[in-house]
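Worksheet: the structure to be examined is printed underneath.
Protein chains: 2
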Amino acid sequence: MKIEDRNAGRIRRAPEGFLSSDGIRTVVEEAKRDRRDFIRSAFATAVAGAAGGAALAQGKPVPTADGDPNILQLPAHSKGLGKSVVTDGYGKPSEFEGNVQRRQSPGLTPTNQASVSFAPLQSLFGVVTPSGLHFERHHQGWWDIDPSKHRFMINGMVKKPMVFTLEDLMRLPSVSRFHFIECGANTAVEWGNVAVPTAQYTHGMLSCSEFTGVPLVTLLEMAGANLKDGNFVLAEGADGSSMTRTIPMSVIKSGEVFVAYGQNGEMLRPENGYPLRLIVPGIQGVSWVKYLRRIEVGDQPYATKDEAIHYIDLMPGGQHRQYASLQECKSVVTTPSGGQVLLDKGFYNITGLAWSGRGKVKKVDVSVDGGRNWRTARLESPVMSKCLTRFNMNWIWDGKPTIIQSRATDETGYVQPNYRQLRAVRGTRSIYHNNAIQSWLVQENGEVKNVQVS
Amino acid sequence: MKIEDRNAGRIRRAPEGFLSSDGIRTVVEEAKRDRRDFIRSAFATAVAGAAGGAALAQGKPVPTADGDPNILQLPAHSKGLGKSVVTDGYGKPSEFEGNVQRRQSPGLTPTNQASVSFAPLQSLFGVVTPSGLHFERHHQGWWDIDPSKHRFMINGMVKKPMVFTLEDLMRLPSVSRFHFIECGANTAVEWGNVAVPTAQYTHGMLSCSEFTGVPLVTLLEMAGANLKDGNFVLAEGADGSSMTRTIPMSVIKSGEVFVAYGQNGEMLRPENGYPLRLIVPGIQGVSWVKYLRRIEVGDQPYATKDEAIHYIDLMPGGQHRQYASLQECKSVVTTPSGGQVLLDKGFYNITGLAWSGRGKVKKVDVSVDGGRNWRTARLESPVMSKCLTRFNMNWIWDGKPTIIQSRATDETGYVQPNYRQLRAVRGTRSIYHNNAIQSWLVQENGEVKNVQVS
Numbered sequence: 001m002k003i004e005d006r007n008a009g010r011i012r013r014a015p016e017g018f019l020s021s022d023g024i025r026t027v028v029e030e031a032k033r034d035r036r037d038f039i040r041s042a043f044a045t046a047v048a049g050a051a052g053g054a055a056l057a058q059g060k061p062v063p064t065a066d067g068d069p070n071i072l073q074l075p076a077h078s079k080g081l082g083k084s085v086v087t088d089g090y091g092k093p094s095e096f097e098g099n100v101q102r103r104q105s106p107g108l109t110p111t112n113q114a115s116v117s118f119a120p121l122q123s124l125f126g127v128v129t130p131s132g133l134h135f136e137r138h139h140q141g142w143w144d145i146d147p148s149k150h151r152f153m154i155n156g157m158v159k160k161p162m163v164f165t166l167e168d169l170m171r172l173p174s175v176s177r178f179h180f181i182e183c184g185a186n187t188a189v190e191w192g193n194v195a196v197p198t199a200q201y202t203h204g205m206l207s208c209s210e211f212t213g214v215p216l217v218t219l220l221e222m223a224g225a226n227l228k229d230g231n232f233v234l235a236e237g238a239d240g241s242s243m244t245r246t247i248p249m250s251v252i253k254s255g256e257v258f259v260a261y262g263q264n265g266e267m268l269r270p271e272n273g274y275p276l277r278l279i280v281p282g283i284q285g286v287s288w289v290k291y292l293r294r295i296e297v298g299d300q301p302y303a304t305k306d307e308a309i310h311y312i313d314l315m316p317g318g319q320h321r322q323y324a325s326l327q328e329c330k331s332v333v334t335t336p337s338g339g340q341v342l343l344d345k346g347f348y349n350i351t352g353l354a355w356s357g358r359g360k361v362k363k364v365d366v367s368v369d370g371g372r373n374w375r376t377a378r379l380e381s382p383v384m385s386k387c388l389t390r391f392n393m394n395w396i397w398d399g400k401p402t403i404i405q406s407r408a409t410d411e412t413g414y415v416q417p418n419y420r421q422l423r424a425v426r427g428t429r430s431i432y433h434n435n436a437i438q439s440w441l442v443q444e445n446g447e448v449k450n451v452q453v454s
Numbered sequence: 455m456k457i458e459d460r461n462a463g464r465i466r467r468a469p470e471g472f473l474s475s476d477g478i479r480t481v482v483e484e485a486k487r488d489r490r491d492f493i494r495s496a497f498a499t500a501v502a503g504a505a506g507g508a509a510l511a512q513g514k515p516v517p518t519a520d521g522d523p524n525i526l527q528l529p530a531h532s533k534g535l536g537k538s539v540v541t542d543g544y545g546k547p548s549e550f551e552g553n554v555q556r557r558q559s560p561g562l563t564p565t566n567q568a569s570v571s572f573a574p575l576q577s578l579f580g581v582v583t584p585s586g587l588h589f590e591r592h593h594q595g596w597w598d599i600d601p602s603k604h605r606f607m608i609n610g611m612v613k614k615p616m617v618f619t620l621e622d623l624m625r626l627p628s629v630s631r632f633h634f635i636e637c638g639a640n641t642a643v644e645w646g647n648v649a650v651p652t653a654q655y656t657h658g659m660l661s662c663s664e665f666t667g668v669p670l671v672t673l674l675e676m677a678g679a680n681l682k683d684g685n686f687v688l689a690e691g692a693d694g695s696s697m698t699r700t701i702p703m704s705v706i707k708s709g710e711v712f713v714a715y716g717q718n719g720e721m722l723r724p725e726n727g728y729p730l731r732l733i734v735p736g737i738q739g740v741s742w743v744k745y746l747r748r749i750e751v752g753d754q755p756y757a758t759k760d761e762a763i764h765y766i767d768l769m770p771g772g773q774h775r776q777y778a779s780l781q782e783c784k785s786v787v788t789t790p791s792g793g794q795v796l797l798d799k800g801f802y803n804i805t806g807l808a809w810s811g812r813g814k815v816k817k818v819d820v821s822v823d824g825g826r827n828w829r830t831a832r833l834e835s836p837v838m839s840k841c842l843t844r845f846n847m848n849w850i851w852d853g854k855p856t857i858i859q860s861r862a863t864d865e866t867g868y869v870q871p872n873y874r875q876l877r878a879v880r881g882t883r884s885i886y887h888n889n890a891i892q893s894w895l896v897q898e899n900g901e902v903k904n905v906q907v908s
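Which chain is which? The protein sequence lines are A and B, in order.
Counting with our numbering, you get residues 1 to 454 for the letters of the first sequence.
Counting with our numbering, you get residues 455 to 908 for the letters of the second sequence.
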C-alpha cells in the first residue's frame with residue numbers, strides 16, 4: 001500500500017546490529033508501527049481503477065471517503081488560528097520529518113572530527129540537496145570562521161601575489177552553477193561485497209547544490225599567473241587538516257573551476273567550507289577544498305599527503321594509482337531502495353539519481369528483472385553538466401521477488417559498469433571510485449535489500 | 455571598498471522611523487561599525503591593478519599581506535581540532551549570517567497570523583531560495599499538519615471522486631521542476647511613490663525552488679474528470695482561511711500544474727504548505743494553494759472571496775479587474791540596492807533577478823545612467839521557464855551619483871515597463887501586479903536609495 005518510510009528516511013527491518021563485510025555496524029531504527037498500520041487499513045490504493053489513466057489502472061477499487069475520520073471530520077487546523085510568520089531567524093523542516101537527517105556510520109572512522117556523515121538520498125526529491133542535509137567529510141573537524149578575518153591568497157608563479165578579502169571577491173564577476181559533489185570514497189564499503197543496508201550508506205556521500213562565486217581563472221589573470229598548459233595549482237584549506245590538492249591548469253583554464261561563497265542561494269554552510277570553497281566540477285570532493293585560503297601556481301604536481309598517500313586507488317597487481325580524481329558516470333535507484341518496504345503489489349514510481357564527472361547524463365536504463373531487460377527512464381529537465389539528474393520510471397510490481405537496477409550513460413558514451421566489469425579492471429581491494437551498478441532486491445514480503453549481481 | 459551589508463542583509467542609513475507613503479513604518483537596523491571599519495582600513499581593493507584582467511584594472515595598488523594580522527598569524531582554526539560531524543538533526547547557517555533572515559514590515563498587516571514575511575533578496579545568490587528564507591504569506595497563520603492524517607480529494611465533474619493519502623501520491627509518476635513564486639502583491643507599496651527602503655521590502659515576496667510532485671492532469675484523468683476547455687477547477691486549502699482559487703482547465707491540461715510534496719530536495723516546509731501545495735507556474739502565489747486538500751471540477755469560475763473581492767486590480771476608471779493572475783515579466787537589481795553602501799569607486803559586479811510568468815527570460819538590459827543607455831547583462835544558465843534567472847554585469851563606478859535600473863524582456867517579446875508606462879494603463883491606486891522597472895540611486899557618499907524614475 002505504501003513505500004515504508006519513503007519520507008521519514010527510517011530504516012525498517014535491516015538486520016539488527018548488522019555487521020558489514022568491513023566490520024561496520026550500522027544503525028538500525030525501528031519503524032513506527034502505528035503510522036504504518038493506520039495506512040494499511042485506511043484505503044485501497046488510489047492508483048487503481050482509474051478511468052483515464054490507463055498506465056496506472058490496476059483493476060482495484062476506487063478509494064472513497066467512507067469511514068475515514070480524516071475526511072469526515074474537520075481537523076483543528078481547518079477551524080483555528082495558526083502560527084505567526086516565522087521572522088525569528090530561519091525556518092525549519094516539519095516536526096514530522098525529524099527522521100530525515102544525515103547520519104554517521106558508527107565504526108567507520110575513529111573520531112567524530114575526522115569523519116563522515118551521509119545524506120539521506122532515499123528521502124530526497126529532485127536534484128538539489130538541502131544544505132542542512134548535505135553530506136559532510138571532515139579531516140580535522142569543522143569551523144565557523146569569521147568571514148571578516150578570512151583571507152584568500154594567490155602566490156607562486158604569478159607576477160603579483162595577491163590577497164583578497166571576502167568583500168573583494170564579492171565585487172568581482174560571478175557565476176552561479178548547479179553541480180554535484182561526490183566523495184571519491186562514496187560506495188567504498190561495497191568493493192568486497194554487500195556492506196551496508198541503505199542508499200544513505202551506499203551512496204550518501206553525494207550532494208548537489210547551486211554554487212555562486214568567482215572563476216579561478218579570473219583571479220589568476222588578475223595576479224598575472226603563468227597559465228600555460230602543463231602547469232598546476234595547489235589549493236590549500238585553512239582548517240587544521242591543512243588539506244592541499246593539486247589541480248591541472250588545463251582544468252582551471254576551462255573556466256569551470258571557481259571560488260565559491262554561495263551555496264543554494266545563501267552563504268556556504270560552516271561544515272561545508274564557509275566562507276570560501278573551491279568548486280571543481282566532476283572531480284572528487286576532496287579537491288573541493290573547504291575554508292580555501294590559498295592557491296599556489298607551480299609547474300609540477302605537488303604530491304601532497306592527501307594525493308600521494310591518501311585518495312589513491314589500490315589496483316589488482318598491487319600497484320596504486322594516483323591523481324585518478326574524476327568521478328565516472330554512475331547512478332542509483334533511491335526508491336525502492338534498501339530498507340524500504342513495499343506493502344502491496346501494483347503501481348510504483350521508480351526514481352533515482354544519475355551523474356557523470358565528464359559532462360551531461362545522456363540516458364538512464366532501468367531493469368526490474370536483475371539485468372535481463374532494460375527500459376529507458378524519463379530524465380527530469382534541464383539535464384545539467386556535472387550535475388545530478390533525476391530519473392523516473394513507471395513500474396507495476398507483480399508481488400514476486402525481483403531485482404531493480406539502474407545503468408547510466410553519459411554524453412561521452414561511457415556506460416556505467418556492473419561489478420564484474422569494474423572488478424576486472426580494479427579488483428576488490430580498492431577504496432575509491434566505485435561506480436558499479438547498484439542492485440536492490442525486492443523480496444516477496446516487500447522488503448528491499450542491498451544485493452550484488454555480477 | 456566593500457558593498458556594505460551585502461552579505462548580512464542589514465539595512466544601513468535608511469531614515470530612522472521611515473514613514474512610507476502607505477503609512478508603513480519600516481525597521482531600521484544599525485550597521486555593525488566594527489566590521490565595516492575593519493574592512494575600510496585593511497586593504498586597497500583587490501580588484502585593482504591586475505595584470506591580465508583588463509576589464510577589472512583600475513590602476514590601484516595591488517593588495518599585499520603587509521601588516522595584515524589575518525595573513526601573518528595562523529588563526530586558531532588552522533591549529534586546533536574542529537567540531538564533530540553534524541548528525542544531530544539538521545545543519546544551520548553560520549552564526550555570522552544571523553542577520554540574513556526574512557522580515558516583516560511592521561504595520562503592513564494587522565496581525566502576525568494574516569501576514570507576510572519578505573525574503574532577503576539583497577543577500578541571496580543564484581536562483582534557489584533557501585527554504586528557511588522563502589517568503590511567507592499566511593491568511594490565517596501556518597500549521598504543521600500530520601501527513602499521515604492529511605487527505606487530498608478530487609470531486610465535482612468527475613466519474614469517480616477520489617481520495618488520496620500522501621503515500622498514494624508518492625507512488626505516482628512525479629516531476630521535478632524549478633519555478634519562481636511571486637505574491638501578486640509584491641512591490642505593492644510602490645504604486646503611489648517610493649515606499650520602502652530595500653529590495654527585501656520592494657521585491658521580497660518572491661522566491662524560487664525546485665518542486666517535486668504529481669501533475670494535476672494525471673490525477674484528474676484517474677478520477678475521470680471532464681477535461682474540456684472552458685471548464686475550471688477549484689483548489690482548496692485545509693487551513694482556517696479556507697483559501698479557494700479558480701484555475702482554468704486549459705492551464706492544467708498543459709501539464710504544468712502539479713501537486714507538490716517536495717521543495718528543494720526535501721518535503722515542503724510547514725509555513726509553505728506541508729504536506730501538499732499546488733504549483734501553478736507563472737501565476738501569482740495565492741493560487742499556489744497551501745495545505746491542499748481538494749480539487750473540484752466545474753464548468754465556470756467559482757468567484758470565491760479570494761478572487762472576487764481580494765486579489766483584484768483597481769483600474770484608473772474606478773472599475774476593478776478580476777482573474778488577472780499572471781505575473782508579467784519583471785526584474786530587480788539586488789546589488790547594489792537600497793540600504794547598501796558602496797565604500798569606494800571602482801569595479802562592481804551588478805547582479806539581480808529576472809522572471810516572467812509567460813516563459814523564459816530572453817534578455818536583461820541594465821542602465822547605470824538612469825535609463826539613457828542600456829547594456830545587455832550576462833544571464834546565468836540554464837535559463838528555465840517560469841523560473842528566476844540570475845543576471846550579472848560588469849560596472850566601474852566613477853564615484854558620481856547615478857541611477858541603476860534593470861529591464862527584462864521575455865521570450866514572447868514582452869518588455870518590462872517603466873512607471874510612466876505602467877501607470878498609463880493601471881493608474882496609481884492598485885495593489886497587485888506592479889512589474890515596473892526599479893530604480894536605485896547611488897549617491898556620492900555611496901549610499902544606495904530607492905527612487906522612482908518615470
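Quick reminder that beta carbons are idealized off the backbone N, C-alpha and C, glycines included.
No experiment lies behind these values; they were computed from the predicted model shown.
Query raised in the report: Which chain A residues sit within Cβ distance under 8 Å of Lys-546/B?
Result: Taking the beta carbon of Lys-546/B as reference, the chain A residues within 8 Å of it are Tyr-90, Gly-132 and Arg-269, listed in sequence order.
Requested in this report: Please determine, among Met-243/A, Ala-408/A and Gln-101/A, the residue with the shortest C-alpha to C-alpha distance to Tyr-302/A.
Outcome: Checked all of Met-243/A, Ala-408/A and Gln-101/A; the closest Cα to Tyr-302/A is Met-243/A.
Query raised in the report: So which residues on chain A does Ile-885/B lean against when the C-beta distance must stay under 7 Å?
Result: Taking a Cβ-Cβ threshold of 7 Å, none of the residues of chain A is close to Ile-885/B; the smallest such distance is about 19 Å.
Query raised in the report: Taking DSSP as the reference, what is the three-state secondary structure of Ser-242/A?
Result: Note: Ser-242/A maps to coil in three-state DSSP.
**Report entry** beta strand (DSSP E) runs contained entirely in the segment 754-838 of chain B, provided each spans 3 or more residues
**Finding:** The segment 754-838 of chain B contains these whole beta strand (DSSP E) runs: 784-789, 800-809 and 815-821.
Query raised in the report: Going by Cα to Cα distance, which pick from Ile-279/A, Gln-200/A and Gly-298/A is closest to Gly-156/A?
Result: Out of Ile-279/A, Gln-200/A and Gly-298/A, Gly-298/A has the C-alpha closest to the C-alpha of Gly-156/A.
Query - Residue-chain proximity (Leu-206/A, chain B), Cβ-Cβ < 9 Å - result: Chain B, which has no Cβ nearer than 9 Å to the Cβ of Leu-206/A, makes this no.
Report task. Identify the contact partners of Ile-145/A in chain B, using a Cβ-Cβ distance below 7 Å as the criterion. Result -> Here the neighbours are His-531.
**Report entry** Amino acids of chain A, ordered along the chain, whose beta-carbon sits closer than 8 Å to that of Ile-525/B
**Finding:** Going along chain A in sequence order, the residues near Ile-525/B (Cβ under 8 Å) are Arg-151, Met-153 and Val-163.
Report task. Could you work out which residues of chain B lie near Thr-212/A, taking near to mean beta carbons separated by less than 7 Å? Result -> Chain-ordered, the chain B residues with CB closer than 7 Å to the CB of Thr-212/A read Phe-579 and Gly-580.
**Report entry** Neighbouring residues, chain A, relative to Trp-645/B (Cβ below 7 Å)
**Finding:** Under the 7 Å cutoff, chain A gives no residues; its nearest Cβ is about 23 Å from Trp-645/B.
Query raised in the report: Nearest to Gly-352/A by CA position, among Leu-292/A, Leu-343/A, Gly-230/A and Arg-390/A, is which residue?
Result: The closest CA to that of Gly-352/A, considering only Leu-292/A, Leu-343/A, Gly-230/A and Arg-390/A, is found on Arg-390/A.
**Report entry** Cutoff 6 Å; reference Gln-897/B; Cβ partners in own chain excluding five residues on either side
**Finding:** Sequence-distant Cβ neighbours of Gln-897/B in its own chain, meaning closer than 6 Å and more than five residues away, are Pro-855.
Report task. Check the Cβ-Cβ distances between Asp-819/B and every residue of chain A, and say whether any is below 9 Å. Result -> No, no contact with chain A.
Query - Nonlocal neighbours in the same chain, by C-beta distance under 6 Å from Ala-238/A, ignoring five residues either side - result: Closer than 6 Å at Cβ, skipping near neighbours: Tyr-291 and Arg-293.
Query - Contact belief for Gln-416/A with Gly-371/A at Cβ below 8 Å, rounded distance in angstroms - result: Contact between Gln-416/A and Gly-371/A fails: their C-beta atoms lie close to 12 Å from each other, not under 8 Å.
Query raised in the report: Which residues, taken in chain order from the segment 776-801 of chain B, show a beta carbon closer than 7 Å to some beta carbon of chain A?
Result: Taking 7 Å as the Cβ-Cβ cut-off against chain A, the residues of the segment 776-801 of chain B that qualify are Phe-801.
Requested in this report: Would you list the residues sitting across from Thr-459/A in a DSSP beta bridge?
Outcome: Residue 459/A is absent from the structure shown; chain A starts at 1 and stops at 454.
Query raised in the report: So which residues of chain A does Arg-826/B contact, with C-beta pairs closer than 7 Å?
Result: Neighbours of Arg-826/B across chain A, judged by C-beta separation under 7 Å, do not exist; the nearest C-beta is about 24 Å away.
Query raised in the report: Excluding the five sequence neighbours on either side, which residues of its own chain have a C-beta within less than 8 Å of the C-beta of Ala-416/B, listed in chain order?
Result: Given a span of 455 to 908 for chain B in the structure shown, any question on residue 416/B remains unanswerable.
Requested in this report: Quick one: using the 10 Å Cβ neighbour count with 16 as the cut-off for buried, is His-320/A buried or exposed?
Outcome: His-320/A should be labelled exposed.
Query raised in the report: Cβ of Gln-113/A less than 9 Å from any chain B Cβ?
Result: Yes, its Cβ sits closer than 9 Å to a Cβ of chain B.
Report task. Would you please verify whether the beta carbon of Glu-296/A is less than 9 Å from any beta carbon of chain B? Result -> The beta carbon of Glu-296/A sits no closer than 9 Å to any beta carbon of chain B.
Query raised in the report: What are the residues that DSSP puts in a beta bridge with Lys-449/A?
Result: For Lys-449/A, which the question treats as bridged, DSSP gives the partners Leu-441/A.
Query raised in the report: If you measure from the beta carbon of Val-233/A to each beta carbon in chain B, is any gap under 9 Å?
Result: No, because no Cβ of chain B sits closer than 9 Å to the Cβ of Val-233/A.
Query - Three-state secondary structure (DSSP) of Asn-912/B - result: Residue numbering for chain B in the displayed model covers 455 to 908; residue 912/B lies beyond these limits and cannot be assessed.
Requested in this report: Report the option in Pro-601/B, Leu-842/B and Glu-675/B whose CA atom is closest to the CA atom of Glu-95/A.
Outcome: When only C-alpha atoms are compared, the closest one is Pro-601/B.
**Report entry** Interface residues of chain A facing Gln-594/B [CB-CB closer than 8 Å]
**Finding:** In chain order: Leu-81 and Gly-82.
Query - 9 Å Cβ cutoff met for Gly-451/B and Val-743/B - result: No statement about residue 451/B is possible, as the shown extent of chain B runs from 455 to 908 and does not include it.
Query raised in the report: Does any C-beta atom of chain B lie closer than 9 Å to the C-beta of Gly-52/A?
Result: Reliability of the predicted coordinates at Gly-52/A is poor, the pLDDT of 34 falling under 50, and no value is obtained from them.
Query - is_contact[Gly-694/B, chain A] using C-beta, thresh 9 Å - result: Chain A, which has a Cβ nearer than 9 Å to the Cβ of Gly-694/B, makes this yes.
Query raised in the report: Is there a Cβ from chain A that is less than 9 Å from the Cβ of Thr-652/B?
Result: Residue contact with chain A for Thr-652/B: absent (no Cβ-Cβ distance below 9 Å to any residue of chain A).
Requested in this report: State the start and end residues of the unbroken alpha helix (DSSP H) segment that holds Leu-620/B.
Outcome: Per DSSP, Leu-620/B belongs to the alpha helix (DSSP H) from 620-624.
Query - Beta-carbon proximity check, Asn-685/B vs Pro-669/B, cutoff 9 Å - result: Going by C-beta atoms, Asn-685/B is not nearer than 9 Å to Pro-669/B.
**Report entry** DSSP three-state assignment for His-203/A, whether helix, strand or coil
**Finding:** Looking at His-203/A - three-state DSSP - the assignment turns out to be helix.
Query raised in the report: Any idea what DSSP makes of His-887/B, helix, strand or coil?
Result: In the structure shown, His-887/B sits in coil (DSSP, three-state: anything other than H, G, I, E or B).
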